[in-house]
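> There's a structure below that I have some questions on.
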Amino acid sequence: MRALVVYESMFGTTRELSEAIAAGLKRSLDVRLCRADEVQTEDASAAELLVAGGPAHSQSSATPASRQEAAVWGEDPATGLRVDLTEMTTGPREWFDELESVPGLFAAFDARTDIPKLLTGAASVRIGRELRLRGSTPVVPPESFLLTRSGGLKSGEAERARWWGEQVAEAARRARPRTTTETST
Ligand SMILES: Cc1cc2nc3c(=O)[nH]c(=O)nc-3n(C[C@H](O)[C@H](O)[C@H](O)COP(=O)(O)O)c2cc1C
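Note that the sequence shown covers residues 1 to 185 in the UniProt record's numbering.
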């Protein structure tokens, strides 16, 4: 089974999570990892499983306005934030709009601050809703990975992301619709 991991990240934490998730998926699937502003529409046609993620921005997933705010934070040395990218124009949600169809199966994840979810929101819920609206089926519930209040992944979260990738691969293999050839043998 082919899986495509698509993410957006300016300060690097969602990128780190995406790399760990891709490593987990790779134990049993053929995996491609792409930033949302670099992925091609053909990559989606080739994939049966889409794993999509982004950071919590303003209690949901990122928008053009929140990305601009992130760029301002990134330019301020007082924030102490590591900056991977000074600009990001496209996130998973905008990329979905470019597609004629999305892969049949999906899993959504996000990076959010380690305080109650009621306060942080969860980008994965919004990303998941967009994919369900486009006809894709979740193989696992949306998952959040936690950041410290000063930014950066909490200890152990990269390892948990890798483990989650393995679980997603297993769930996708169970959920995969069987082909005619497979059913008749
Ligand atoms: C404009 C903006 C809004 C944010 N809003 C939230 C939020 O509502 N909830 C939250 O948990 N984190 C929020 N954050 C923190 C981000 O999730 C955090 O900076 C994360 O590291 C960004 O992901 P990245 O490192 O992949 O770019 C916000 C960050 C920015 C720049």
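C-beta: ideal position from N, C-alpha, C; glycine also.
Since we're looking at a predicted model, the values are computed, not measured.
Which same chain residues end up closer than 7 Å to ASP43 when comparing Cβ atoms and leaving out the 5 residues on each side of it in sequence?
On the sequence shown, position 43 is the one that residue 43 refers to. Excluding sequence neighbours, ASP43 sits near LEU4, ARG32, CYS34.
> Around the Cβ of ILE127, are there at least 16 other Cβ atoms within 10 angstroms (buried) or fewer (exposed)?
For the purposes of this step, residue 127 is taken as residue 127 along the sequence shown, with counting starting at 1. ILE127 should be labelled buried.
> By how many angstroms is the C-alpha of SER155 removed from the C-alpha of VAL140?
Residue numbering aside, residue 140 sits at position 140 when the sequence shown is read from its first letter. Residue numbering aside, residue 155 sits at position 155 when the sequence shown is read from its first letter. C-alpha separation (whole angstroms): 23 Å.
> Spatial neighbours of THR14 within its chain, please: CB distance less than 7 Å, with the 5 preceding and 5 following residues excluded, ordered by chain position.
Looking up residue 14 in the sequence shown gives position 14. So the list reads TYR7, GLU8, GLY53, GLY54, PRO55, ALA111, once near-sequence residues are dropped.
> How long is the line joining the alpha carbons of ALA172 and PRO77, rounded to whole angstroms?
As a first step, residue 172 must be located in the sequence shown, where it is residue number 172. As a first step, residue 77 must be located in the sequence shown, where it is residue number 77. Approximately 42 Å between the Cα atoms of the pair.
> Assuming ASP30 and ARG2 form a contact by the criterion Cβ under 8 Å, report the distance between their Cβ atoms to the nearest whole angstrom.
Translated into the one-based positions of the sequence shown, residue 30 becomes position 30. Translated into the one-based positions of the sequence shown, residue 2 becomes position 2. Sure, about 5 Å apart at Cβ, within 8 Å.
> Measuring only the C-alpha atoms, how far is GLU166 from LEU147?
Numbered from its first residue, the sequence shown carries residue 166 at position 166. Numbered from its first residue, the sequence shown carries residue 147 at position 147. So the alpha carbons of these two residues sit roughly 21 Å apart.
> Is ASP43 near ligand 1, in the sense that its beta carbon is under 8 Å from a heavy atom of that ligand?
As a first step, residue 43 is located in the sequence shown; it is residue number 43 there, counting from the start. No, ligand 1 has no heavy atom inside 8 Å of this Cβ.
> Take LEU131 as the anchor and find which of PHE106, ARG149, GLY152 has the nearest alpha-carbon.
For the purposes of this step, residue 131 is taken as the residue at position 131 of the sequence shown. Nearest of PHE106, ARG149, GLY152 to LEU131, Cα basis: PHE106.
> Rounded to whole angstroms, what is the Cα-Cα separation between SER144 and ILE115?
For the purposes of this step, residue 144 is taken as residue 144 along the sequence shown, with counting starting at 1. For the purposes of this step, residue 115 is taken as residue 115 along the sequence shown, with counting starting at 1. Near 12 Å, if we compare the C-alpha coordinates of ILE115 and SER144.
> Does DSSP put ASP30 in a helix, in a strand, or in coil?
Translated into the one-based positions of the sequence shown, residue 30 becomes position 30. If DSSP states are grouped into helix, strand and coil, ASP30 belongs with the strands.
> Look at the alpha carbon of SER184 and the alpha carbon of PRO64, and state the distance between them as a whole number of angstroms.
Stepping through the sequence shown from its first residue, residue 184 is reached at position 184. Stepping through the sequence shown from its first residue, residue 64 is reached at position 64. Any reading at SER184 needs caution, since the residue's pLDDT is 44, under 50, leaving its predicted position unreliable; the model's value is listed next. The alpha-carbon atoms of SER184 and PRO64 are separated by roughly 49 Å.
> Using the rule of at least 16 other Cβ atoms within 10 Å of the residue's Cβ for burial, across every protein chain shown, is SER101 buried or exposed?
Stepping through the sequence shown from its first residue, residue 101 is reached at position 101. When all chains shown are included, SER101 counts as exposed.
> Could you check which residue in GLY152, THR90, ALA123 has the C-alpha nearest to that of ASP37?
Along the sequence shown, read from residue 1 onward, the residue named residue 37 stands at position 37. When each option's Cα is compared against that of ASP37, the closest is THR90.
> Let's see if you can read the secondary structure: which residues bound the beta strand (DSSP E) around GLY53?
Counted from its first residue, the sequence shown places residue 53 at position 53. Its beta strand (DSSP E) spans residues 49-55.
> Assuming GLU48 contacts ARG134 (C-beta within less than 8 Å), just tell me the rounded distance between them.
Numbered from its first residue, the sequence shown carries residue 48 at position 48. Numbered from its first residue, the sequence shown carries residue 134 at position 134. With a Cβ gap of about 15 Å, GLU48 and ARG134 do not count as contacting.
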